[in-house]
Every structure is written in structure tokens, then in C-alpha cells.
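Written below as C-alpha cells is the structure these notes are about.
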Amino acid sequence: MHRVGITGTGASFEQDGDDTILRAALRAGHGIAYECNAGGCGSCRIKVVDGEVDDLWPDAPGRSDRDRRTGRLLACQTRARSDLTIEVRTSDEYTAGPSPIRQTAEVVEVEAVTHDMRRIALRTAGRAVFLPGQYVSVWVPGVEAPRNYSMSNLANADGLWEIIVRRVPGGAATSVLFDSIGIGDRIEIDGPYGLATLRTDADRDIVCVAGGSGLAPMLSIARGAAAAGMLGRHRLHFFYGARTPLDVCGERELDGLGVEFHPVVSTPASEHGHAWHGATGFVHEVACSTLPDRLGSLEWYCAGPPPMTQALQTELILQHDVPVSQIHFDRFF
């Protein structure tokens, strides 16, 4: 156990041997900026003023050449080896949700969503406490670094955490989750994390844009909006982008919520011969063209492949002047 102090604040927290500096800080209520919690986004930069650390991923893509020249590290990829003093800005917005907890979960259900995506239901001994749109880190057996997966369900007293996993060809973690993990197996999860949560105080119609396993947090957002009574006074448009007709999903899970579902296929001529008569193209472009006269009056949530979420943000902000405060996403890599 090592104590980490933050310069200029008088604040400090303890980090045990398994945590990173970021996770330990968030558990203790100190809001270090973050998004992906996996070394990709670069949001959690810190500078070590005094003490020794282990850099868990020196080549992390979120760490720039300038960071390396100036000695900046990523808190999500740094672990204390002694008592430390660090320099970092903190903000309460990063600790506004439930505090993350690392705990053991049992696999209680596995269900196919598409040919290459599956829903895995995990049960913990205590309540499942999280906000719609958040994610957990999952320690997959035999894989050194945790993987982040968003919940598709809502917080509940039964301890159920439902994640949606998409198989990555050759991926170490998804190979285990598809080929080895079964009902009754136990794995470690840590969370919740994430800032792209449902804004229940926003008095606007809602748009959810999802691709791939980004379906999960957008389902949670839609379900959360329905549970909060928001869909009685606001419309919710749900756009799901798929490569082929065989990859389209989400309509069954949204059934009964009063959501307007818009599936979009980028390659309508599937190699399996499935005919497609719906919208085609890139999902972010279809979303913007479907609602062209009111983009700035909507609350936008998006999750999926980084190129998709980046393209949507660029179009909304630069081409349609949508305020940044109305666009919600967590960068995943």
C-alpha cells in the first residue's frame, strides 16, 4: 500500500498493489480526468514529482511524444512502487457517479445477439450500482490487462451486470469470452466507470447512435430514459450502424420502450445473400440527414468504433454547430 499525494491540494489517497493510480484515485473520490481507462485516449496525464512508479504500457497510444519528452505519464497505466507526489488537475465531474468497486462476479447467462456478438450476464453478491451508459473493466482469465465493456441493463438490487461483447478476430480476451467462458464461471469486474451517462435533467428529444458492441451503453441509455419517464414527453431516435444485414441488431431489445429504431447498413449486398431494403451508408451521416432541421435541439449519445464516434462529433460540432455539452461519449480503444 502506497500513499499518493496531489501537489497544491493537500489531498492524498492510498493505492494498493493491484490498482493503477487512476483507479485508486477514483475509488478515493479524487476526480482525475479520464475516459477510456485503457491507455488510448490520453485524458489522464499526470507528472510524478517525487517517488517511483511502474509504467505498465510505455508505448500506450494515448501518450504523445511530447508527453515522453516532458515526463508525463498516464494515470491509467501507472502504478506506484513507493509513496508518491503527483501533479494533476482534478475535478468533481469525474467522481459524480457511484464509486468503482472491484469484485467477483459469476456468469449466469450467455445469449447470442448476432453471429459475432453475445450478451453475458454477470451476478455479484451485492447490488449492481451504475448509471445508464457506464462500463466495467473485466479481468478475463489468462489475459493480463482488463478489458472494458459497457452495461446494457440498468442498476438493480439483484446484482446483475449485463455486457455485450463482440468477437475480435484473434483477440485474446474475446476468444476466451466466446470459446471458454461458461455459466458458473467466476471473473473479476471493476466499476462502474464512464462519463457518457444519461442526463435526466435535459429537456430535449434524445438521439442514440451505436455501432458494434456500442449497442450496450445505448440500450442502457434508452432503457434509463424510459424508466425515468422521459419518453412520455420526449422522442428517442435510436440509430444502429451495421456492416451487413446479418449484423443488424437492437430492435428486439428496444421493443416496447416507445423508441424509434433506425437500422443502417453500410454494405447492403451481404455475402450471405440477405436482401436489405432499409437505410444504407454511414450511420452518422444517416442520423444527421434524418433529423436535419433540429440537430442543435437534441441530446446526442454515441458509442461504437472510434472512427464512427469521431465522425459524428465532427459533423455535429463543425457542420451543424451542435453545442459540445449536448454530445456524450466515452472514447474506447
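Numbering (our numbering), first residue to last: 11 to 343.
The C-beta atom is built at its ideal place from N, Cα and C for all residues, glycine as well.
From a predicted model like this one, the values you see are computed outputs, not experimental measurements.
- Within the stretch 183-266, complete alpha helix (DSSP H) segments of at least 4 residues are found at 225-237, 261-264, given in chain order.
- Within the stretch 107-166, complete beta strand (DSSP E) segments of at least 3 residues are found at 111-124, 127-134, 145-149, 157-160, given in chain order.
- For glutamine 25, the enclosing beta strand (DSSP E) has its first and last residue at 22-25.
- Of Ser223, Arg79, Gly18, the smallest CA-CA separation from arginine 177 is found for Ser223.
- In this structure leucine 328 is exposed. Its beta-carbon is surrounded by fewer than 16 other beta-carbon atoms within 10 angstroms.
- Beta-bridge partners assigned by DSSP to alanine 313: Ala220.
- For the set Ala135, Ala252, Asp257, the Cα lying nearest the Cα of isoleucine 197 is the one of Ala135.
- Assignment of threonine 290 by DSSP, reduced to helix, strand and coil, places it in the strand class.
- Excluding its 5 nearest sequence neighbours in each direction, alanine 237 has C-beta neighbours in its own chain below 8 Å: Leu164, listed in chain order.
- For arginine 78, the uninterrupted alpha helix (DSSP H) segment begins and ends at 75-80.
- The three-state reading of DSSP puts glutamate 172 in strand, counting E and B together.
- Contact check between the stretch 229-243 and the stretch 180-192: fewer than three CB pairs, one atom from each, fall below 8 Å, which does not count as touching.
- Taking 8 Å as the upper bound for CB-CB distance, proline 227 and serine 160 are in contact here, some 4 Å apart.
- Distances from the alpha-carbon of serine 162 to those of Leu84, Ala131, Arg33, Gly291 put Ala131 closest.
- For alanine 35, the enclosing alpha helix (DSSP H) covers residues 31-37.
- The residues Gly221, Val274, Val293, in chain order, have a CB closer than 6 Å to that of glycine 251 in the same chain once the five nearest residues on each side in sequence are set aside.
- Remark: three or more beta-carbon pairs, one from each stretch, lie closer than 8 Å, so the stretch 50-61 and the stretch 69-85 are flagged as touching.
- In this structure, the alpha-carbon of arginine 129 lies about 44 Å from that of aspartate 60.
- CA-CA distance, valine 146 to asparagine 158, rounds to 6 Å.
- Threonine 277 has its alpha-carbon roughly 28 Å from the corresponding atom of glutamate 309.
- Look at the beta carbons and you see the stretch 116-128 touching the stretch 170-187: at least three pairs across the two are nearer than 8 Å.
- Of Asp200, Val186, Val148, Asp65, the smallest CA-CA separation from valine 139 is found for Asp200.
- In this structure, leucine 301 lies away from glutamate 270, with their beta-carbon atoms at least 8 Å apart.
- Taking 8 Å as the cut-off, the beta carbon of tyrosine 311 is found closer than this to the beta carbon of glycine 143.
- Just so you know, the alpha carbons of cysteine 46 and glycine 266 end up roughly 32 Å apart.
- In the displayed model, valine 334 falls within a helix according to three-state DSSP.
- By the neighbour-count criterion, in which a residue is buried when 16 or more other Cβ atoms sit within 10 angstroms of its Cβ, alanine 297 is buried.
- Close CB contacts of leucine 32 within its chain, under the 7 Å cut and outside five residues either way in sequence, are with Ile42, Tyr44, Asn47, Cys54, Ala85, Cys86 (chain order).
- Annotation for threonine 277: no beta strand (DSSP E) segment contains it, and DSSP assigns it neither H nor E.
- Taken through DSSP and simplified to helix, strand or coil, valine 296 comes out as helix.
- Beta-carbon to beta-carbon, alanine 285 and histidine 272 are separated by about 18 Å, too far to satisfy the 8 Å threshold.
- For glutamate 97, the enclosing beta strand (DSSP E) starts and ends at 94-97.
- Residue pairing of alanine 90 in beta bridges, as defined by DSSP: Val63.
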